[in-house]
Amino acid sequence: VAVVTAFGAALGFGLVMFSFSSIRERLDAATNIPESWRGVPVSLIVAGIMALAFLGLGGIV
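Following this note's numbering, the numbering of the sequence shown begins with 2 at its first residue and continues without gaps.
(1) P35 by DSSP, collapsed to three states: which one?
(2) Which residues in the same chain as T6 place their Cβ atom closer than 6 angstroms to its Cβ, once the five residues preceding and following it in sequence are excluded?
(3) Measuring straight from C-alpha to C-alpha, what distance separates A3 and A10?
(4) Check the C-beta distance from I34 over to V43 and give it rounded, since I have them as a contact under 8 angstroms.
(5) In this structure, does DSSP put I46 in helix, strand or coil?
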């Protein structure tokens, strides 16, 4: 059971890192984001939205 849980956690972590890095690349290339929101502020907002999305998946399992 512990091996399956560890594998699932690693897979989920990898999925989140891949998703966040691809979104971050798109945000860096976007030109319609205000200057004061570029970089860390918009990344924190995106991380919060992603956290809410993955929190919603918790009810499925």
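Just so it is clear, CB atoms sit at the ideal spot from N, CA and C, and this is done for glycine as well. Here the structure is a predicted model, which means the values were calculated and not measured.
If we stick to the structure as given:
(1) In the sequence shown, the residue the question calls residue 35 occupies position 34. P35: coil per DSSP, three-state reduction.
(2) By one-based count along the sequence shown, residue 6 stands at place 5. If you ignore the 5 residues before and after T6, its C-beta comes within less than 6 angstroms of no other C-beta in its own chain.
(3) Sequence index remark: in the sequence shown, residue 3 carries index 2 (1-based). Sequence index remark: in the sequence shown, residue 10 carries index 9 (1-based). Just so you know, the alpha carbons of A3 and A10 end up roughly 10 angstroms apart.
(4) Position 33 of the sequence shown holds residue 34. Position 42 of the sequence shown holds residue 43. Right, the Cβ-Cβ distance comes to about 6 angstroms (below 8 angstroms), so this counts as a contact.
(5) In the sequence shown, residue 46 corresponds to position 45, counting from 1. In the three-state reduction of the DSSP assignment, I46 falls in the helix class.
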